[in-house]
Each structure stands twice: as C-alpha cells, then as structure tokens.
C-alpha cells in the first residue's frame with residue numbers, strides 16, 4: 001500500500017495531512033513534540049493569497065473551524081485587508097498596500113484545528129536520526145530505535161529541518177541577517193489599545209526615521225464587554241551594530257532593550273511598550289534565511305514550507321508559500337496514486353515548480369527586511385507592495 005511519511009506537525013505538515021486524508025492517501029506524521037500542548041506555537045499568522053488554495057484543499061467543516069481561529073472575527077467584515085506602514089515618530093501613514101482578503105489567525109488555535117481527526121496518523125516524541133534511501137522505498141530511523149518505511153518522506157520540520165540536513169549536508173544551515181528582533185505578547189486596556197486600533201483594527205508596521213528601528217504590531221485578542229483588556233503583539237527589530245553587540249543574558253535584559261528601542265516612538269506607542277509588566281516573556285527571534293537550489297533524493301524525499309525555503313517574515317509570505325507547497329505536492333501525489341505518474345517523476349516535477357520561485361520569494365522577503373531598517377521606504381519596496389499570489393506561483 002502506498003504510504004507517505006510527513007516529518008513535522010506544524011501548520012504546513014498538518015495541512016498536508018488533512019489534504020491527503022481527504023484523498024484517502026495513507027500517511028503518518030512524525031512530530032518531535034511530546035504532545036499537542038508541549039510548547040508555545042507563537043502568536044499569529046496572516047493567511048492571504050493562499051486562502052483560495054486552502055478552500056480547494058480542505059473540507060468545509062475544517063475551513064469553518066479555521067475561520068473561527070481569527071484573532072478578531074468582530075471586524076472581519078470591515079477589515080480593509082491593507083498592510084499599513086507608519087512613521088513611528090508621529091503615527092502618520094507612509095504607505096498602504098492595496099486591499100485584499102486576509103485572515104489573521106491564532107497559531108495555537110490553528111494548529112489544534114488542523115490536528116482534528118488526525119489522532120491515528122500522528123506519532124509524538126519522534127526525533128528523526130537518519131533517512132535511508134532505497135530504490136523503491138525510504139526508511140526513517142528515529143532516536144527511540146524505531147524504524148518506519150514509506151514510499152516517500154516529506155520534511156515539513158521547520159527552518160532548522162533535520163530532513164534538509166540529510167538532503168543537503170553541505171548547505172542546510174540558515175544564514176543570519178545583520179538585524180536583531182525582540183517580540184512580546186502583552187495585555188493592554190481598552191483605553192491603551194484604542195489609539196493603536198485607530199491606525200488599523202488588526203495590524204500595522206512602522207519605521208522610525210534616523211534609527212533603523214522597525215515595529216510590527218498586531219492584535220491577538222480583542223477587548224470584549226466581559227474583559228477590560230486585550231492581547232497585543234509587538235515585534236521590534238533593528239540593524240546589528242558593527243561591534244560590541246549586546247548579549248541578552250535573561251528575560252529582564254530583553255524587556256529593557258525592547259523598551260529602550262521605543263524611546264523615540266509616538267506617545268501612544270511608547271507608553272504601550274513602556275507599560276509592559278516586569279516578568280512578561282520576551283523572545284529574541286533570529287532573522288535568517290537559506291537559499292537551496294536543488295538536492296538529490298532519487299525522488300523519494302522532499303521538503304515543504306520552512307524546511308524547503310526558510311525566510312524572514314517581513315512580507316508574511318512563509319506560511320502562504322507553505323500552503324502553496326501543500327497544494328502542488330498533494331496534486332502530484334494524487335496523480336501517483338491514480339497511476340498517472342511515477343513517484344520519482346512527480347516529486348521532481350514538484351521540486352522544479354517550487355524551488356526557483358521560492359528563491360525569488362526568499363530574496364524579496366530579505367529585501368523587505370533590509371528596507372524596513374532603511375528610511376525612507378520606497379513605494380516599490382516589497383515591504384509595502386501588495387500581498388497577492390506572486391506571478392511565479394500562478
């Protein structure tokens with residue numbers, strides 16, 4: 001019986017699982033976490049140009065559940081869908097992308113939605129030690145001594161993918177970019193969040209002239225009649241200095257650095273960030289990417305999502321591109337099951353479709369990162385151009 005192994009139960013790996021389930025294609029998902037709630041899943045993700053692909057791949061009941069994961073369904077109908085860039089010194093608008101449909105969804109809730117109905121397909125606490133290629137199958141060796149056999153193995157295990165390391169031992173590592181980022185999720189009162197939501201009901205980004213500081217702000221949980229506060233995400237990034245770059249020894253030092261970066265922001269932004277309570281967890285996010293042009297897997301091992309094309313988040317493309325990967329790969333696997341294509345040919349066809357366009361997207365995201373820290377921002381910068389399916393994917 002034809003069998004697929006997916007390594008990684010993140011958003012992209014689970015989306016592939018759901019797509020294969022709908023096609024009655026047998027699969028197993030190997031996940032390093034011990035359970036669904038083993039670790040935090042991050043703040044939120046914006047689905048935009050990949051939404052039509054999700055609607056084509058997933059059953060309506062699951063799509064409805066994903067839609068309920070939106071961070072602010074109250075304003076969904078009124079959301080203009082544009083990505084605004086402001087001057088952080090006075091909150092004046094610099095650029096606004098053309099409007100388009102978008103869902104800003106809670107990452108943890110999205111993952112739980114995608115896990116529905118996959119209990120029998122997921123093996124938790126599985127760390128892949130090696131992938132062994134054979135002419136007509138692949139063996140996956142796990143750290144607990146177990147071995148699984150499949151027709152094809154698909155690495156969906158993130159930007160530091162173990163499967164990418166096996167496929168590309170000489171060029172698997174990501175390359176850090178010369179920027180640093182701190183991120184935090186915090187609670188604000190209705191009064192504190194009101195001026196932020198007057199900029200945009202959902203999210204916005206901004207640059208501070210003369211400093212290279214960049215801010216991304218997103219609503220995570222709206223205020224309600226029952227609650228006096230709401231959850232907001234702040235990410236601040238800046239260029240690395242040439243020498244004596246600060247080492248953050250603990251959470252307290254990260255929080256201090258985050259607040260210092262907001263010193264020159266407009267009062268409503270500065271006060272919201274300066275008011276973050278002591279002890280609030282602050283994360284340093286490593287900004288890095290990796291360009292891979294090809295690999296040799298005999299058409300039986302491949303990569304999707306961040307495992308295939310790690311990129312920085314300044315265009316919000318990574319998750320959408322991962323969904324495109326799932327859409328194309330699931331179609332190729334369906335052709336194999338129907339006897340319309342040989343598996344090695346189908347996998348190579350998918351890789352040809354994916355790798356060159358993905359390189360363009362990686363470079364556009366990198367340029368958006370560079371432009372975010374280099375005032376003024378040109379209207380043609382990928383930081384502020386429309387979020388739509390890139391021509392190379394159409």
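Numbering (the UniProt record's numbering), first residue to last: 1 to 394. Backbone N, C-alpha and C define an ideal beta-carbon position, used for all residues, glycine too. None of the values given here were measured: they were computed from a predicted structure.
Integer-rounded CB distance, given that residue j should sit under 8 Å from residue i
i: residue 31; j: residue 122; result: 6 Å
i: residue 261; j: residue 236; result: 5 Å
i: residue 72; j: residue 209; result: Between residue 209 and residue 72 the Cβ distance is about 30 Å, and since that is not below 8 Å, they are no contact.
i: residue 66; j: residue 118; result: 14 Å between Cβ atoms; not a contact.
i: residue 161; j: residue 303; result: 7 Å
i: residue 140; j: residue 153; result: 6 Å
i: residue 177; j: residue 287; result: 5 Å
i: residue 309; j: residue 179; result: Their Cβ separation, rounded to whole angstroms, is 19 Å, which puts residue 309 and residue 179 out of contact at 8 Å.
i: residue 322; j: residue 131; result: Residue 322 to residue 131, Cβ: 20 Å. No contact.
i: residue 230; j: residue 193; result: 5 Å
i: residue 425; j: residue 275; result: The question about residue 425 has no answer, for the chain in this structure spans 1 to 394.
i: residue 83; j: residue 367; result: No, residue 83 and residue 367 are not in contact; Cβ-Cβ is about 16 Å, not under 8 Å.
i: residue 101; j: residue 53; result: Rounded, the Cβ-Cβ distance is 13 Å, inconsistent with contact.
i: residue 377; j: residue 95; result: 7 Å
Sheet register partners of residue i (DSSP bridge)
i: residue 46; result: 104
i: residue 181; result: 237, 285
i: residue 130; result: 141
i: residue 280; result: In DSSP, residue 280 forms no bridge with anything.
i: residue 87; result: 207
i: residue 176; result: 288
i: residue 122; result: 29
i: residue 95; result: 85
i: residue 303; result: 155
i: residue 150; result: 138
i: residue 189; result: 229
i: residue 70; result: 105
i: residue 6; result: 29, 154
Proximity to residue i [Cα-Cα], best of the options
i: residue 187; options: 374, 281, 317, 351; result: 281
i: residue 334; options: 181, 346, 93, 133; result: 346
i: residue 305; options: 72, 324, 298; result: 324
i: residue 238; options: 115, 203, 183; result: 183
i: residue 361; options: 389, 43, 378, 246; result: 389
i: residue 4; options: 26, 307, 308; result: 26
i: residue 341; options: 299, 327, 317; result: 299
i: residue 150; options: 143, 159, 164, 135; result: 135
i: residue 278; options: 295, 272, 285, 256; result: 256
i: residue 1; options: 338, 317, 165, 369; result: 338
i: residue 232; options: 226, 240, 216, 242; result: 216
i: residue 60; options: 94, 313, 19, 49; result: 19
i: residue 56; options: 37, 33, 15; result: 15
i: residue 147; options: 375, 133, 156, 159; result: 133
i: residue 185; options: 158, 234, 159; result: 234
i: residue 127; options: 29, 252, 370; result: 29
i: residue 245; options: 113, 219, 226, 181; result: 181
i: residue 218; options: 375, 206, 228, 226; result: 206
i: residue 249; options: 227, 295, 284; result: 284
i: residue 370; options: 97, 212, 36, 202; result: 212
i: residue 7; options: 378, 307, 313, 358; result: 307
i: residue 98; options: 320, 49, 137; result: 49
i: residue 364; options: 329, 314, 348; result: 314
i: residue 317; options: 21, 33, 17, 45; result: 45
i: residue 348; options: 24, 167, 175, 296; result: 296
i: residue 301; options: 344, 328, 270; result: 344
Residue i beta carbon near the ligand NAP (any heavy atom closer than 7 Å)
i: residue 56; result: In terms of ligand content, the structure shown is empty, and the ligand NAP therefore cannot be addressed.
Below-8 Å beta-carbon distance, residue i vs any chain C residue
i: residue 322; result: Absent from the structure is chain C; it holds one protein chain and no more.
> For the stretch 11-37, which segments carrying the alpha helix (DSSP H) assignment without a break, of at least 4 residues, lie completely within its bounds, in sequence order?
Replying inline: 11-22
> Can you find at least 3 beta carbon pairs, one from the stretch 277-296 and one from the stretch 165-180, that sit closer than 8 Å?
Replying inline: yes
> Using 8 Å as the threshold, is the stretch 326-333 in touch with the stretch 376-385, meaning 3 or more CB pairs across them?
Replying inline: no
> Curious, which full-length alpha helix (DSSP H) runs of at least 4 residues does the stretch 199-268 contain?
Replying inline: 251-261
> Does the pairing of the stretch 96-116 with the stretch 38-51 give three or more beta-carbon distances under 8 Å?
Replying inline: yes
> Any chance the stretch 89-96 sits against the stretch 262-271, with 3 or more Cβ pairs inside 8 Å?
Replying inline: yes
> What runs of the beta strand (DSSP E), each 3 residues or longer, lie entirely inside the stretch 329-360?
Replying inline: none
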